[in-house]
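Student: Going by the working numbering, the sequence shown opens with residue 148, and the numbers climb by one from there.
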Amino acid sequence: MDYLEIVGGNTLSGEVTISGAKNAALPIIAATILSDKPVTLTNLPNVVDICTLLKLLSMLGADVAHDKTVAAINNGSINSTKAVYEIVSKMRASILVLGPLLTRFGECEVSLPGGCAIGQRPIDLHLKALESMGATIEIKGGYVRAEAKDGLKGAKIVFDKITVGGTENIVMAAALAHGTTTILNAAKEPEVVQLCEMIADAGVKIEGIGSSELTIEGTCGKALEFKTVEIIPDRIEAGTYLCAGAITHSSITLNKVNHGHIRASIDKLESMGCTFELFDDSITIHPSPKLNAVNLITIEYPGFPTDMQAQFMALAILAKGESLIEERLFENRFMHVSELNRLGADIWLKGSTAAIKGVDTLYGAEVMATDLRASSALVLAGLVAQGTTKVGRIYHLDRGYDDLEGKLSKLGANITRKKEA
Ligand code: UD1
148 MDYLEIVGGN
158 TLSGEVTISG
168 AKNAALPIIA
178 ATILSDKPVT
188 LTNLPNVVDI
198 CTLLKLLSML
208 GADVAHDKTV
218 AAINNGSINS
228 TKAVYEIVSK
238 MRASILVLGP
248 LLTRFGECEV
258 SLPGGCAIGQ
268 RPIDLHLKAL
278 ESMGATIEIK
288 GGYVRAEAKD
298 GLKGAKIVFD
308 KITVGGTENI
318 VMAAALAHGT
328 TTILNAAKEP
338 EVVQLCEMIA
348 DAGVKIEGIG
358 SSELTIEGTC
368 GKALEFKTVE
378 IIPDRIEAGT
388 YLCAGAITHS
398 SITLNKVNHG
408 HIRASIDKLE
418 SMGCTFELFD
428 DSITIHPSPK
438 LNAVNLITIE
448 YPGFPTDMQA
458 QFMALAILAK
468 GESLIEERLF
478 ENRFMHVSEL
488 NRLGADIWLK
498 GSTAAIKGVD
508 TLYGAEVMAT
518 DLRASSALVL
528 AGLVAQGTTK
538 VGRIYHLDRG
548 YDDLEGKLSK
558 LGANITRKKE
568 A
């Protein structure tokens, strides 16, 4: 198994180019199922999760040609509507094929995703919404079996909780449904916006894009024809590199970013003492010699993203005074705390809040990655810890960070991927 070896203490400098957003690319790949014509996706991040979903499409019978950042997909040849456990268990986001398969083919079977390191993550809201649209849903043998032989029907959906994946699944389902679907309490994340724009560009009338109320007029079963889609920049990858600049007190420039999408991270970094120069699609961070403590609560977009919580915890460890971080979205998203404490952090956990007392120094140690974003917090801490930090189980990182060690090495970090003997 691969691990990362990081020798802490290097100052970073130079520029890094941000890849396409994994969380935008995944629903967009799923949405290609709404079409029976070829479609090209560009600026895909070169990460394992993308390969996993493309493999799932191939297993359904799609014709997929994928080379790093570009995929040409033709879903005209799909001959199966069963998303098997072997793939879905690797990546929860595979559930995103449920809405598009059901709406295009009138039936499908998708394995239940099962447990996940950051909490239960149920899909009840996805299923309830599809039932409101006329689907018959049965859970049997670990699979969701969904049927809507005469097609889905437009409906008024009110999500009890804001759900990104749920909103995406229902937008896709509604695109080919009969009649108009209204989604209230919809997610407003930039990734949801790009999915809606892609579908609207294919001729589906969608009102309220970017708001919490979406209205979608379905095509009554007519498959869509998509234009080429260029995936938006990854706001979580960008935020992570800003944190790399902040924690190592280094001035670095990020290219290919959307400032608007990373506003919440910029605001928190400003409150910690960092300053920024914004250019068209790039940003330079000028770090503070000593970071201020930070208080933050994770919440839906445009609030502070849960996917940046672990990275900011790494910063808070070395800040002046005590920081408080409250996780409101996922009940078990503090798995990195015990690993960060192994590096010398002073973090105390009570329920969904972490109290972090700033320390002067971290010391390299062997640590384990527990989930995707938790892993990047360990890498950030390793960049400044005295001595060598070994981060194990980095398959989590490979799911979502495009060439993390390559990009950090180019900025001057001493980080190497190694194989367990
Ligand atoms: C997406 C992102 C993930 C991010 C999360 C929150 C992708 C591929 N993943 O995950 O990186 O951390 O949004 O911004 O885009 N919930 C239910 N029932 C449901 C669905 C969700 O109770 O049917 C709950 C979840 O357990 C969680 C909350 O709603 O507490 C938000 O989850 P959701 O927005 O659905 O997250 P994902 O789409 O899975």
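Note that the Cβ used here is the ideal one computed from N, Cα and C, for glycine as well.
For clarity, every value in this text was computed on a predicted model and none was experimentally measured.
How would you label G312, buried or exposed, when you count the other beta carbons within 10 angstroms and need 16 or more for buried?
Tutor: In the sequence shown, counting from the first residue as 1, residue 312 sits at position 165. Classification for G312: buried.
Student: Is it buried or exposed for D414, if we count other Cβ within 10 angstroms and need 16 for buried?
Tutor: For the purposes of this step, residue 414 is identified with residue 267 of the sequence shown, where counting begins at 1. By the 10 Å Cβ count, D414 comes out exposed.
Student: What does a CB cutoff of less than 6 Å around E447 pick up in its chain, not counting 5 residues either side in sequence?
Tutor: Here residue 447 refers to the residue found at position 300 when the sequence shown is read from its first residue. For E447, where only same-chain residues beyond five positions count, the Cβ hits under 6 Å are I309.
Student: Would a C-beta distance cut-off of 7 Å place I284 and I304 closer than the cut-off?
Tutor: On the sequence shown, residue 284 is found 137 positions in, with the first residue counted as 1. On the sequence shown, residue 304 is found 157 positions in, with the first residue counted as 1. In this structure, I304 does not lie closer than 7 Å to I284 by Cβ.
Student: Given A171, which residues of its chain have a CB within under 6 Å of its CB, disregarding the five upstream and five downstream residues?
Tutor: Translated into the one-based positions of the sequence shown, residue 171 becomes position 24. Around A171: E338, Q341, I378, I379.
Student: In terms of residues, what are the limits of the alpha helix (DSSP H) holding V339?
Tutor: Against the sequence shown, residue 339 aligns to sequence position 192. 337–348 is the span of the alpha helix (DSSP H), which, as asked, contains V339.
Student: Take K504 and list the residues in its own chain whose beta-carbon comes closer than 6 Å to its own, dropping the five residues that flank it on each side.
Tutor: Residue numbering aside, residue 504 sits at position 357 when the sequence shown is read from its first letter. Closer than 6 Å at Cβ, skipping near neighbours: E469, D493.
Student: One question on the structure: do L490 and A512 come within less than 7 Å of each other, judged by their Cβ atoms?
Tutor: For the purposes of this step, residue 490 is taken as the residue at position 343 of the sequence shown. For the purposes of this step, residue 512 is taken as the residue at position 365 of the sequence shown. Taking 7 Å as the Cβ cut-off, L490 and A512 qualify as a contacting pair.
Student: Over the uninterrupted beta strand (DSSP E) stretch that includes A501, give me the two end residues.
Tutor: Walking along the sequence shown from the start, residue 501 turns up at place 354. Counting along the chain, the beta strand (DSSP E) containing A501 begins and ends at 500–504.
Student: Given a cut-off of 7 Å on the beta-carbon distance, is the pair I346 and G392 in contact?
Tutor: Residue mapping note: residue 346 aligns to position 199 of the sequence shown, counting from 1. Residue mapping note: residue 392 aligns to position 245 of the sequence shown, counting from 1. Cβ atoms of I346 and G392: not closer than 7 Å.
Student: Going by DSSP in three states, N193 sits in which element: helix, strand or coil?
Tutor: Counted from its first residue, the sequence shown places residue 193 at position 46. If DSSP states are grouped into helix, strand and coil, N193 belongs with coil.
Student: Let me check one thing: in DSSP terms, what residues is S496 bridge-paired to?
Tutor: Your numbering for residue 496 matches position 349 in the sequence shown. It should be pointed out that residue 496 corresponds to Leu in this sequence rather than to Ser. Answer is A501.
Student: Any idea what DSSP makes of L207, helix, strand or coil?
Tutor: As a working note, residue 207 is residue 60 in the sequence shown. Looking at L207 - three-state DSSP - the assignment turns out to be coil, as it is neither helix nor strand.
Student: Grab the span of the beta strand (DSSP E) containing F423 for me, first residue to last.
Tutor: As a working note, residue 423 is residue 276 in the sequence shown. Per DSSP, F423 belongs to the beta strand (DSSP E) from 422–425.
Student: Taking just the CA atoms, how far does G281 sit from D297?
Tutor: For this step, residue 297 is matched to residue 150 along the sequence shown. For this step, residue 281 is matched to residue 134 along the sequence shown. Roughly 9 Å separates the two Cα atoms.
Student: Taking C-beta to C-beta, are S182 and F373 nearer than 7 Å?
Tutor: Looking up residue 182 in the sequence shown gives position 35. Looking up residue 373 in the sequence shown gives position 226. Their beta carbons are under 7 Å apart, which means S182 touches F373 by this criterion.
Student: Classify G350 as buried or exposed, calling it buried when 16 or more other Cβ atoms lie within 10 Å of its own Cβ.
Tutor: In the sequence shown, residue 350 corresponds to position 203, counting from 1. The residue in question, G350, is exposed, as its Cβ has fewer than 16 Cβ neighbours within 10 Å.
Student: Closer than 6 Å: is that where the CB of L272 sits relative to any heavy atom of the ligand UD1?
Tutor: Position 125 of the sequence shown, counted from the first residue, corresponds to residue 272. Checking every heavy atom of the ligand UD1 against the Cβ of L272, one is found closer than 6 Å.
Student: Under 8 Å, with one C-beta from each stretch per pair, do the stretch 389–403 and the stretch 525–541 reach the 3-pair mark?
Tutor: Short answer: they touch.
Student: Excluding the five sequence neighbours on either side, which residues of its own chain have a C-beta within less than 8 Å of the C-beta of S398, listed in chain order?
Tutor: Here residue 398 refers to the residue found at position 251 when the sequence shown is read from its first residue. Closer than 8 Å at Cβ, skipping near neighbours: S160, G392, T431, I432, H433, P434.
Student: Counting only runs that start and end within the stretch 473–553, where is the alpha helix (DSSP H) found for 4 or more residues in a row?
Tutor: Taking only runs of at least 4 residues, the alpha helix (DSSP H) segments lying wholly in the stretch 473–553 are 483–489, 519–531, 542–547.
Student: Leaving out five residues on either side along the sequence, give the residues of the same chain with a beta carbon under 7 Å from the beta carbon of A178.
Tutor: Numbered from 1 along the sequence shown, position 31 holds the residue referred to as residue 178. Answer for A178: P247, M319, L342, M345, I346, listed in chain order.
Student: Quick one, which of L371, T453, A230, H408 has its alpha-carbon nearest A385's?
Tutor: On the sequence shown, residue 385 is found 238 positions in, with the first residue counted as 1. Checked all of L371, T453, A230, H408; the closest Cα to A385 is H408.
Student: Considering only DSSP beta bridges, list what P380 is partnered with.
Tutor: In the sequence shown, counting from the first residue as 1, residue 380 sits at position 233. Answer by DSSP bridge pairing, in chain order: G167.
Student: Which whole-angstrom value describes the C-beta separation of E336 and Y290, a residue pair presumed to lie in contact below a C-beta threshold of 8 Å?
Tutor: Within the sequence shown, the letter at position 189 stands for residue 336. Within the sequence shown, the letter at position 143 stands for residue 290. Between Y290 and E336 the Cβ distance is about 28 Å, and since that is not below 8 Å, they are no contact.
Student: Using the rule of at least 16 other Cβ atoms within 10 Å of the residue's Cβ for burial, across every protein chain shown, is N222 buried or exposed?
Tutor: As a position in the sequence shown, residue 222 is number 75, starting the count at 1. With 16 or more other Cβ atoms within 10 Å, it is buried.
Student: What residue does the alpha helix (DSSP H) around L323 start on, and which one ends it?
Tutor: Counting from 1 along the sequence shown, the entry for residue 323 is found at position 176. No alpha helix (DSSP H) contains L323, which DSSP labels as neither H nor E.
Student: Let me know if A218 comes out buried or exposed under the rule of 16 or more other beta-carbons within 10 Å of its beta-carbon.
Tutor: Translated into positions along the sequence shown, residue 218 becomes position 71. Per the 10 Å Cβ criterion, buried.
Student: With the cut-off set at 7 Å, would you say A463 and V441 are in Cβ contact?
Tutor: As a position in the sequence shown, residue 463 is number 316, starting the count at 1. As a position in the sequence shown, residue 441 is number 294, starting the count at 1. Yes, the Cβ-Cβ distance between A463 and V441 is below 7 Å.
Student: Assuming A333 contacts G365 under a Cβ cut-off of 8 Å, what Cβ separation, rounded to an integer in Å, is found between them?
Tutor: Indexing the sequence shown from 1 puts residue 333 at position 186. Indexing the sequence shown from 1 puts residue 365 at position 218. That belief does not hold up - the Cβ atoms of A333 and G365 are roughly 16 Å apart, past 8 Å.
Student: For G223, would you say it is in contact with chain B, using Cβ-to-Cβ distances shorter than 7 Å as the test?
Tutor: Although the question refers to chain B, the structure presented lacks it and comprises just one protein chain.
Student: Beta carbon of P174, beta carbon of E315: below 7 Å?
Tutor: Stepping through the sequence shown from its first residue, residue 174 is reached at position 27. Stepping through the sequence shown from its first residue, residue 315 is reached at position 168. It is a contact, given that the beta carbons lie within the stated cut-off.
Student: V235 lies in the beta strand (DSSP E); which residues open and close that run?
Tutor: Here residue 235 corresponds to residue number 88 of the sequence shown, with the count starting at 1. Where V235 is concerned, there is no enclosing beta strand (DSSP E), although the alpha helix (DSSP H) it sits in stretches over 232–235.
Student: Bridge partners for S182 per DSSP, in chain order?
Tutor: Translated into positions along the sequence shown, residue 182 becomes position 35. According to DSSP, which records beta bridges pairwise, S182 is partnered with L371.
Student: Quick one: Cα of E417 to Cα of C198, how far?
Tutor: The residue labelled residue 417 in the question sits at position 270 within the sequence shown. The residue labelled residue 198 in the question sits at position 51 within the sequence shown. Rounded to the nearest angstrom, the two C-alpha atoms are 36 Å apart.
Student: So is the beta-carbon of V231 under 6 Å away from any non-hydrogen atom of the ligand UD1?
Tutor: Walking along the sequence shown from the start, residue 231 turns up at place 84. Checking the Cβ of V231 against the ligand UD1 gives no.
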